[in-house]
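Counting the sequence shown from 1 gives a position; our numbering is that position plus 2. Every residue gets a Cβ at the ideal spot worked out from N, C-alpha and C, and that includes glycine. Structure, as structure tokens:
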Amino acid sequence: MVKPGEVLVQGERIVEVGTSVKHPAGAEVLDLGDRTLLPGLIDAHIHLFLHPGAEDLQTVQESVPQRTIMATLAARDDLMAGFTAERDMGTEGAGSADTAIRNAIDEGRIPGPRLRISGNAVNILGGHEDAIGYNPEQHVLPNADYANNADELVAVMRRQSKEGADFVKIYETGADSVRDGKFSTVFQYTEAQLEAAVKEAARVGRHVAVHATGEPGTLFAARAGVASIDHAYQLGEETMRLMKEKQIFAVPTFAISEYFAEHAATAEQAAHERQMLDLHVQEFRNQIAAGVPMAVGSDVGPFPHGTQAREFVLMVKYGMPPLAVLQADLVNGAKLLGWDGQIGGLEAGYFADVIAVPGDPLQDIGVLQNVGFVMKGGVVYKK
Ligand SMILES: [Zn+2]
């Protein structure tokens, strides 16, 4: 996986990898010195349409065109940090504006990672992302699309698909609370409703990803057969067993939790965030021991785009060996994003998504925060 010698690229694909690669006539040789070559990084949980600052207010105060311009800059920042593929987990009220971003990137008009996008996330009336706490007379719009039953879920998914979505993101739990050290979270959709969503997604070869922090929502999601359970603070025994059996990925998103704990508005809020993170860290160790498959997603957006390699550092800090974290990112990430056999490896036939870092990430995972060379689809964006 690392230090393959040389990589021969033609067009957007890798042609050959190894120590005996012959240089075709006219080939341009890039000597990256003793840096370590790696496949481009994958972030399975991002928000191009969010930036640091009050999340609820930015979606109310900023227009969709304004947010779309910001999203193009976010995409560039993520790419320059070495992330060549990402899953955008909801535009938070910007609807299908991410379709335009994905397509502009694919057409080579703007720099950015290859993207899987969902448009808006989906939510119940009065649910986790339903602009709660405003004057009702102001009719503040939710950050997600409403669906209140299985039929509405299917209808919303068909509309989003028409508008360009690659998968569906569903808010399955929230709000979260901790009382006397015990975590609890409200579920939003029943198992049968999630099953209807999974079936509809499968009909068109797509997947369902859920924001789900704990039981019983996480169990409903695992039984329904979603592709990933994002955040996954607390998973019950049966949920973990099903996730292992069905290869449903947990995406822990530690980087956002750490950022919120360190940037909370009040001491009380900081203590709450810290408590949630501590609880998640303990549960994460159980999840690893139970063999729950992991993917790497940072939830970047509420914290600055381009800084999310911090997620690798935290996953190692909280108990996963560096090699396992890299495999979770590259191997599992490629599967989760539906590019299995195309990204996440330096192999003949794969997209030429190649980065270089100083030092050995297996010795110090932190070097992933210092990506000095970025190639995506055979195009060099940074060297
Ligand atoms: Zn998110």
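For residue 361, collect the residues of the same chain with a Cβ closer than 6 Å to its Cβ; drop the 5 residues on either side in sequence, then sort them by chain order. In the sequence shown, the residue the question calls residue 361 occupies position 359. Result list for residue 361: 369, in chain order.
In whole angstroms, what separates the C-alpha of residue 4 from that of residue 352? Counting from one through the sequence shown, the residue named residue 4 turns up at place 2. Counting from one through the sequence shown, the residue named residue 352 turns up at place 350. Any reading at residue 4 must be qualified, since the residue scores a pLDDT of 47, below 50, and its modelled position is unreliable; the value itself is stated next. Distance between the alpha carbons of residue 4 and residue 352: 15 Å.
Less than 9 Å between the beta carbons of residue 254 and residue 282, yes or no? Sequence index remark: in the sequence shown, residue 254 carries index 252 (1-based). Sequence index remark: in the sequence shown, residue 282 carries index 280 (1-based). Yes. Within cutoff.
Under a three-way DSSP split, which group does residue 193 fall into? Within the sequence shown, numbered from 1, the residue matching residue 193 stands at position 191. Residue 193 falls in the helix class under three-state DSSP.
What does DSSP give as the partner residues of residue 41 in its beta bridges? Within the sequence shown, the letter at position 39 stands for residue 41. Residue 41 pairs with 356.
So, is residue 48 buried or exposed, given that buried needs 16 or more other C-beta atoms within 10 angstroms? By one-based count along the sequence shown, residue 48 stands at place 46. That one is buried.
What separation, rounded to the nearest whole angstrom, lies between the Cα atoms of residue 75 and residue 82? Counting from 1 along the sequence shown, the entry for residue 75 is found at position 73. Counting from 1 along the sequence shown, the entry for residue 82 is found at position 80. The C-alpha of residue 82 is placed about 11 Å away from the C-alpha of residue 75.
Just to check, is the beta-carbon of residue 91 closer than 8 Å to a non-hydrogen atom of ligand 1? Stepping through the sequence shown from its first residue, residue 91 is reached at position 89. Relative to the non-hydrogen atoms of ligand 1, the Cβ of residue 91 comes within a distance shorter than 8 Å of at least one.
Quick test of the definition: if touching needs 3 or more C-beta pairs under 8 Å, does the region 106 to 116 touch the region 149 to 165? no
Quick check: what's the CA-CA separation for residue 196 versus residue 229? Position 194 of the sequence shown, counting from 1, holds the residue named residue 196. Position 227 of the sequence shown, counting from 1, holds the residue named residue 229. Straight-line Cα distance between these residues: approximately 12 Å.
I need the DSSP call for residue 4, collapsed to helix, strand or coil. As a first step, residue 4 must be located in the sequence shown, where it is residue number 2. Here the model assigns residue 4 a pLDDT of 47, short of 50, so the residue's position is not dependable, and the following value carries that caveat. Residue 4 falls in the coil class under three-state DSSP.
What residue does the beta strand (DSSP E) around residue 176 start on, and which one ends it? As a working mapping, residue 176 is identified with position 174 in the sequence shown. Residue 176 -> beta strand (DSSP E) spans 175 to 181.
For the alpha helix (DSSP H) holding residue 233, just list the boundary residues, first then last. Here the question's residue 233 lines up with position 231 in the sequence shown. Not the alpha helix (DSSP H): residue 233 falls in the beta strand (DSSP E), residues 230 to 233.
Threshold first: 4 residues or longer. Then list the alpha helix (DSSP H) segments lying entirely within the region 223 to 307, N to C. 239 to 248, 256 to 264 and 269 to 291
How would you label residue 1, buried or exposed, when you count the other beta carbons within 10 angstroms and need 16 or more for buried? No answer is possible for residue 1: it lies beyond the span of the chain, which begins at 3 and ends at 385.
Can you find the residues in the same chain that come closer than 6 Å, C-beta to C-beta, to residue 99, ignoring five residues on each side of it along the sequence? Taking the first residue of the sequence shown as position 1, residue 99 is located at position 97. Same-chain partners within the cutoff: 66, 70 and 93.
Would you report the Cα separation of residue 238 and residue 256, rounded to the nearest angstrom? For the purposes of this step, residue 238 is taken as the residue at position 236 of the sequence shown. For the purposes of this step, residue 256 is taken as the residue at position 254 of the sequence shown. Roughly 19 Å between the two C-alpha positions.
From the DSSP output, in three-state form, read off residue 333 for me. Position 331 of the sequence shown, counted from the first residue, corresponds to residue 333. DSSP, read as helix, strand or coil, puts residue 333 in helix.
Meets three-Cβ-pair contact criterion under 8 Å: the region 10 to 28 and the region 315 to 331: no
Give a single yes or no on whether residue 209 has its beta carbon closer than 8 Å to a heavy atom of ligand 1. As a position in the sequence shown, residue 209 is number 207, starting the count at 1. The closest heavy atom of ligand 1 lies 8 Å or more from the beta carbon of residue 209.
Please report how far the alpha carbon of residue 159 lies from the alpha carbon of residue 89, in whole angstroms. Numbered from 1 along the sequence shown, position 157 holds the residue referred to as residue 159. Numbered from 1 along the sequence shown, position 87 holds the residue referred to as residue 89. Going from the Cα of residue 159 to the Cα of residue 89 covers about 17 Å.
Can you tell me whether residue 53 sits near ligand 1, meaning its C-beta is under 8 Å from at least one heavy atom of the ligand? Your numbering for residue 53 matches position 51 in the sequence shown. No; taking the cut-off as 8 Å, the Cβ of residue 53 has no heavy atom of ligand 1 nearer than that.
Pick from 376, 379, 349 and 365 that is closest to residue 23, judged by C-alpha positions: Within the sequence shown, numbered from 1, the residue matching residue 23 stands at position 21. It is 349 whose Cα lies nearest to the Cα of residue 23.
One or two residues paired with residue 125 in a DSSP bridge: Position 123 of the sequence shown, counted from the first residue, corresponds to residue 125. Answer by DSSP bridge pairing, in chain order: 148.
Identify the residues that DSSP records as bridge partners of residue 20: which are they? Within the sequence shown, the letter at position 18 stands for residue 20. Its beta-bridge partners are 8.
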